[in-house]
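Protein chains in written order, with the UniProt record's numbering: chain A, 1 to 451; chain B, 1 to 843.
Positions of the beta carbon are idealized from the N, C-alpha and C atoms, including for glycine.
One structure is given here, and the rest of the page talks about it.
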Amino acid sequence: MISQFFVLSQRGDHIVFRDYRGEVPKGSAEIFFRKVKFWNDDEAEEAPPVFNVDGVNYIHVKVAGLFFVVTTMVNVSPSLLLELLQRIARVTKDYLGVLNEDSLRKNFILVYELLDEVIDFGYPQTTSTEVLKSYIFNEPIMVDAGRLPPLGPAAMFMQGTKRMPGTAVTKSVVANEPGGKKREEIFVDIIERISVTFSSSGYILTSEIDGTIQMKSYLTGNPEIRLALNEDLTIGRTGSSSYDYRSSSGGGEVILDDCNFHESVHLDSFDIDRTLTLIPPDGEFAVMNYRMTQEFKPPFRVTALIEEAGPSRAEVLLKIRADFSANVTANTITVQMPVPSYTMRASFELEAGAVGQTTDFKEGSRRLEWNLKKIVGGSEHTLRAKLTFSQESHGNLTKEAGPVNMNFTIPMYNASKLQVRYLQIAKKSKTYNPYRWVRYVTQANSYVARL
Amino acid sequence: MAPTVPSAAKSASPSQPSGKSEVADLKQQLRQLAGSRAPDADDQRRDVFKRVISCMTAGIDVSAAFGEMVLCSATSDVVTKKMCYLYVGAHARAHPDLALLTINFLQRDCRDQDPTIRGLALRSLCSLRVPNLVEYLVTPLATGLKDPSAYVRMIAAVGAAKLYHISATACIDADLPASLKALMLSDPDAQVVANCLHALQEIWTLEAANSEAAAREIETLYSKPVVFYLLNKIKEFSEWAQCHVLELASKFLPSDNNEIFDIMNLLEDRLQHANGAVVLSTIKVFLHLTMSMTDVHQQVYERIKAPLLTLVGAGSPEQSYSVLCHLHLLVMRAPMLFSSDYKSFYCQFSDPSYVKKLKLEMLTAIANESNTYEIVTELCEYAGNVDVPIARESIRAVGKIALQQYDVNAIVDRLLQFLEMDKDYVTAETLVLVKDLLRKYPQWSHDCIAVVGNISSKNIQEPKGKAALIWMLGEYSQDMHDAPYVLESLVENWDEEHSPEVRLHLLTAVMKCFFKRPPETQKALGATLAAGLSDTHQDVHDRALFYYRLLQYDPAVAERVVNPPKQAVSVFADTQSSEMKDRIFDEFNSLSVVYQKPSYMFTDKEHRGPFEYSEDLTNLAVGAEAPENVISAQRYQENDNDLLLSTSDKEDNGTRASNGSSTSTYNAPSDLIGLSSQTPAETSLINTGGPTYSSQSNFSLDDLLGLGVTEAPAPPPPPALTLNSKPVLDPGTFQRKWGQLALALTQECSLSPQGAASLMNPQSLIRHMQSNHIQCIASGGHPPNYKFFFYAQKDGATAFFLVECIVNTASAKAQLKIKADDGTAAEAFSALFQSALSKFGLS
């Protein structure tokens with residue numbers, strides 16, 4: 001039973017505030033905001049998503065820099081509320097096209113309308129964009145997506161590549177195109193977040209892929225869709241330990257540890273030919289989530305060295321090699337390396353002819369930061385840095401520095417080799433031929449190289 | 001209720017409208033628009049309404065515009081209508097009379113052709129929460145439950161629950177629960193069914209406090225026909241309603257194993273749901289159903305591992321935290337089952353620290369012979385982490401693993417390597433661990449001592465680490481060559497040592513060292529005892545004095561006391577009781593798991609702000625045994641009698657009787673004051689011994705008898721407080737007073753264990769308090785939480801004391817909120833009340 005729902009800006013302003021049961025004392029939004037801002041001042045810890053202040057439970061998620069919060073007085077399922085908050089954010093995004101402070105402020109009446117239908121007296125009712133359509137009367141007021149920093153996983157397609165219609169993903173499910181006619185199209189995104197840890201000798205200690213097949217449909221009349229995956233896809237690893245790596249001699253075989261599916265997915269023929277059948281609801285949703293610990297080829301090799309160079313000096317060498325095909329380009333790459341706490345200065349030396357690369361020494365957090373706009377497959381990049389210490393080092397520099405962490409996005413690349421073989425839309429007529437976009441992207445979740 | 005937040009918020013944002021002028025302006029515009037027939041009036045109205053809602057959201061008090069809003073409410077524009085409903089719903093409570101004006105158009109809309117409008121109007125009508133409008137609610141609700149549109153029925157079902165909160169009797173009298181039940185078992189629309197279930201659970205749970213019939217009705221909700229009916233429809237429900245039905249199913253008691261397997265087979269595919277809440281609800285059903293079947297229960301663990309791990313990776317960071325909390329609970333219950341999945345619990349770079357902490361605990365729990373090497377290697381990597389709290393936790397985790405393993409050889413080496421890292425917090429944490437390790441495995445002392453001996457105490461700033469080092473210096477002073485000299489140098493800096501804990505350890509360590517190496521330590525010992533005796537910290541001073549006297553009495557005895565041969569500690573105590581853990585497990589898929597506390601420790605169903613108080617009163621059982629009207633009638637009679645009685649009669653009834661209990665308590669504090677005034681002499685006492693000791697023992701004896709209110713700050717001797725034995729206060733006045741008076745005192749006190757145990761129903765305590773001239777006006781709750789409202793009256797005065805008392809029988813604690821007409825007497829009354837409460841169950 002939810003008592004209140006509210007959305008706060010980063011500064012703590014109320015953007016929407018809805019009280020469903022009138023049982024939480026006044027000022028809850030302020031109490032929440034203060035608690036989150038000053039969770040643990042000394043240790044700079046982040047507030048957990050669920051906490052209790054004076055008998056009131058506050059559950060929140062952060063979406064697009066905003067706090068989506070519910071309060072409750074009873075012992076409810078935190079997962080349900082967290083999931084619901086994400087869903088409210090997603091439904092709002094479906095309606096507004098873009099979810100951010102500006103679009104929410106402009107459309108707050110519409111959001112109230114949504115909230116009225118999504119929750120009644122604290123009980124979740126429906127979060128289906130489609131069902132809600134018949135009860136929402138406000139027209140969304142569009143904000144210009146171009147000016148805004150890209151948000152959400154779909155936004156990454158907008159950078160670099162011209163293959164994608166940039167505005168499509170920020171389109172409201174209810175708004176019409178300028179021509180008055182809706183463009184019939186469907187987006188299927190295979191988004192993979194990879195976690196790899198390299199030991200100091202370059203050996204892979206752990207690796208995992210968390211993947212999502214995400215769909216956003218703008219098709220009218222809800223036609224049935226068939227989504228075919230790799231025929232040799234295997235689900236569930238054999239053997240008791242999920243980590244006894246088999247040598248990947250089996251070629252292209254994809255073995256998922258486990259997966260789950262959206263409510264609308266029918267698995268009738270999944271066991272036979274690995275096809276998913278579904279009637280996609282309106283808006284954005286995850287068709288399937290999967291997890292894979294099978295060994296895969298990491299897209300980047302990272303080498304990091306730190307060596308003493310005199311009594312209070314050291315030299316750092318960072319090297320990245322892109323182990324993927326030359327027609328794929330990774331973008332927005334960041335490499336971070338913590339250095340000893342007594343580091344005073346760092347001077348950098350980029351490779352000759354480096355383009356679109358910046359370096360920085362973050363004094364507060366004692367980190368080296370190396371940003372690269374893009375890396376083309378097959379290429380290799382190095383950075384040298386000279387560190388100056390305020391005192392003599394204690395000898396074991398490798399224990400004082402690192403590990404190196406890397407962030408990146410690689411469009412049109414997927415580490416797992418999971419493929420959408422085809423996307424079939426049940427035809428309503430001969431001329432019906434909606435646009436289909438199948439897109440792949442790989443992001444770093446935790447890409448760490450130890451020293 | 002709605003966006004009525006203190007206006008403090010508005011100052012935060014200059015972009016948002018603020019202030020009174022804005023409201024006045026809005027009122028003005030609304031008034032102009034009220035009668036306007038202008039073609040664009042609808043658009044204008046929309047805009048003004050929008051501004052009103054915007055102000056409301058920002059926390060500005062716009063209730064002053066209520067009348068104007070109502071005047072403008074007659075509109076056919078749905079968007080405007082909705083804004084108006086939102087506004088009215090938020091402010092109707094404060095303007096019950098004006099709210100009446102909205103009834104008309106809401107009722108008319110309830111009969112609109114369009115089901116959307118009907119539903120909307122009905123929802124708003126039920127959300128007004130104004131008691132005097134209840135009569136207008138019942139008919140539309142009853143009609144709504146029979147509406148041809150599922151949308152309207154779904155709203156009506158929740159509306160019934162709303163009505164119950166406004167007026168329980170109206171809801172029950174109209175027989176709405178029966179209609180809800182019929183609808184729940186027959187309606188073709190799944191959301192209607194779900195809402196009926198919500199409403200029935202809420203109504204019957206509250207009603208069960210008063211009526212056995214309702215309690216039986218709740219039982220039927222958990223019965224086989226209802227549970228199976230709902231489970232068979234499970235796929236028709238929305239994800240959220242599925243969770244609710246699954247929660248219901250988890251409380252179902254199957255009669256045989258076939259039923260269990262039927263349910264599990266039916267729900268098997270729910271474990272593959274992308275919604276984490278559905279998966280966790282399903283897991284709860286599986287876990288609870290198989291509690292008594294050990295092998296199947298274990299299979300369930302194996303089955304749910306993969307879906308849970310997938311959820312951790314798939315969802316938002318917040319969701320994955322919640323799922324991890326549940327995994328944490330399962331891992332702690334059955335670590336062996338997860339021992340091969342240890343890599344899943346390695347910390348990731350992007351994990352926030354609250355996630356890392358959970359993972360470290362899980363890694364610690366699942367470490368066994370086969371994976372310890374890998375886990376400890378991984379943890380050692382974290383020890384150098386830039387995130388210092390996590391680095392500390394990691395070191396502690398290594399230590400804990402060492403403590404639970406038999407083969408600690410390799411781990412000790414790792415720990416000792418930490419000391420070489422030369423980071424102060426790493427050293428401090430490691431020293432604490434090495435100390436604990438030595439207490440359990442004294443055989444490792446040689447290896448450890450060799451390394452620890454090289455650490456300079458000057459490099460350690462943290463009290464815990466320093467204390468650990470000092471402990472080792474004392475304990476192993478015969479093996480550490482320069483122990484006496486290190487200790488001596490520490491004693492020299494006694495005054496700079498700010499932590500009493502370190503000074504205490506230093507005292508003891510020097511003593512121990514003295515018995516092992518007397519000639520080298522003698523000088524240091526003298527200095528230590530001198531420093532200890534003049535220490536300002538009480539414990540340090542007392543311990544120094546104790547050692548000093550012990551040494552004076554007989555050094556041999558002193559050695560036996562301070563330095564006896566030690567036994568290795570076999571098991572360090574677990575902080576959480578297994579009973580507590582079981583309770584949390586019972587509450588799987590709830591906040592209890594995230595907080596790692598059973599729900600009674602953080603929720604209290606009766607706990608509401610003062611705002612909601614009036615509702616509490618009407619819902620709770622009034623008085624002791626008799627129904628409400630009888631009691632109040634009696635009271636009124638008594639009231640009349642009272643007025644007629646002469647003063648002397650009153651005295652007879654009241655004062656004498658109450659004196660018995662109250663005076664004895666209230667003399668106690670003055671006794672205390674008498675004693676404590678002797679404190680300056682205390683130091684001399686100790687040397688003289690004899691007579692003063694006896695007075696001290698008297699004092700503690702008093703204390704033991706429970707007469708002294710030691711907690712109370714010593715006030716100037718208060719006037720003896722006596723209570724009127726037959727005070728009269730009707731519930732209405734009580735409510736008003738409770739609302740008006742400021743809180744005089746809040747206090748927590750304890751019940752006697754016997755009292756807590758005997759509190760099976762509110763009546764027993766009510767009677768007990770009555771015998772102490774404290775009357776109960778309302779009570780309620782279920783074990784272990786009860787809530788009472790008491791009142792009492794100062795004898796011979798009109799001043800009342802009002803008390804809200806929340807008792808938790810599990811912890812034997814009571815929380816008091818006291819309000820008083822005469823605030824100066826509140827302290828005295830509180831003491832009296834607590835004394836009466838503490839005697840409950842003892843007689």
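- Pairing A/THR126 with B/THR294, the inter-Cα distance amounts to about 38 Å.
- DSSP places B/TYR321 inside the alpha helix (DSSP H), whose first and last residues are 317-333.
- If only uninterrupted beta strand (DSSP E) runs of at least 3 residues are considered, none is enclosed by the stretch 495-543 of chain B.
- Bounds of the alpha helix (DSSP H) holding A/ASP273 are 270-273.
- For A/HIS266, there are no C-beta contacts with chain B under 7 Å, since the nearest C-beta of that chain is about 11 Å from it.
- Residue environment analysis places A/GLY236 among the exposed positions, since fewer than 16 neighbouring C-beta atoms fall within 10 angstroms of its C-beta.
- For B/LYS400, the uninterrupted alpha helix (DSSP H) run begins and ends at 388-404, by DSSP.
- Between B/THR116 and B/TYR151 the beta-carbon gap is near 7 Å, inside 8 Å, which marks them as a contact.
- Here DSSP, grouped into helix, strand and coil, assigns A/SER341 to coil.
- Distances from the alpha-carbon of A/ASN100 to those of A/LYS37, A/ASP120, A/ILE141 put A/ILE141 closest.
- Under the DSSP assignment, A/TYR440 falls in the beta strand (DSSP E) whose first and last residues are 435-449.
- Straight through space, the alpha carbons of B/LYS435 and B/MET472 are spaced by roughly 7 Å.
- Using a Cβ-Cβ distance cut-off of 8 Å, the stretch 184-193 of chain A and the stretch 434-451 of chain A are in contact, since at least three pairs of beta carbons, one from each stretch, lie closer than that value.
- At a cut-off of 8 Å between beta-carbon atoms, B/ASN785 makes no contact with chain A.
- Here A/ARG21 is buried, its C-beta having at least 16 other C-beta atoms within 10 Å.
- Setting aside the 5 residues that flank it on each side, B/SER149 is surrounded in the same chain by PRO115, ARG118, GLY119, each with a C-beta closer than 8 Å to its C-beta; the list follows chain order.
- An exposed status is given to B/MET336, since fewer than 16 other beta-carbon atoms sit within 10 Å of its beta-carbon.
- Counting only residues of its own chain and dropping the five nearest sequence neighbours on each side, B/PRO762 has a CB closer than 6 Å to the CB of SER779, TYR786.
- The three-state reading of DSSP puts B/ARG736 in helix, counting H, G and I together.
- Close CB contacts of B/ARG270 within its chain, under the 6 Å cut and outside five residues either way in sequence, are with VAL278, THR282 (chain order).
- When CB distances to chain B are screened at a threshold of 9 Å, the residues of the stretch 277-307 of chain A falling below it are PHE285, ALA286, VAL287, MET288, ASN289, TYR290, ARG291, THR293, in chain order.
- Neighbours of A/ASP258 across chain B, judged by C-beta separation under 8 Å: ALA306, PRO307, LEU309, THR310.
- Residues of the same chain with a CB within less than 8 Å of the CB of A/THR359, apart from the 5 flanking positions on each side, are PHE348, LEU350, LEU368, GLU369, TRP370, ASN371, LEU383, ALA385 in chain order.
- Residue burial is scored here from C-beta neighbours: B/VAL388 has fewer than 16 other C-beta atoms within 10 angstroms and is therefore classed as exposed.
- Nearest CB-CB separation between A/ARG450 and chain B: below the 8 Å threshold.
- In this structure, B/ASP821 is the residue among B/GLN461, B/GLN754, B/ASP821 with its C-alpha nearest to the C-alpha of B/GLN740.
- With a minimum length of 3 residues, the unbroken runs of beta strand (DSSP E) contained wholly in the stretch 274-358 of chain A fall at 275-278, 283-292, 300-308, 313-322, 329-338, 343-350.
- Note: A/PRO124 is bridge-paired with A/ILE119 in the DSSP secondary-structure output.
- Taking a C-beta cut-off of 9 Å against chain A, the contacting residues of the stretch 269-281 of chain B are ASP269, LEU271, GLN272, HIS273, ALA274, ASN275, GLY276, ALA277, VAL278, VAL279, LEU280, SER281, listed in chain order.
- Between A/GLU23 and the set A/ASP54, A/PHE51, A/MET73, the nearest pair of CA atoms involves A/MET73.
- Residue environment for B/GLN113: exposed (fewer than 16 other C-beta atoms within 10 angstroms of its C-beta).
- The beta carbon of A/LYS399 sits closer than 8 Å to some beta carbon of chain B.
- By DSSP's assignment, B/CYS776 forms a beta bridge with B/PHE790.
- Ranked by Cα distance from B/LEU106, the options B/HIS95, B/GLY89, B/ALA94, B/ARG93 are led by B/GLY89.
- Its Cα nearest to that of B/SER353, the residue B/ALA391 stands out among B/GLN319, B/ASN371, B/LEU253, B/ALA391.
- Boundaries of the beta strand (DSSP E) harbouring A/ARG193: 185-198, taken from the DSSP string.
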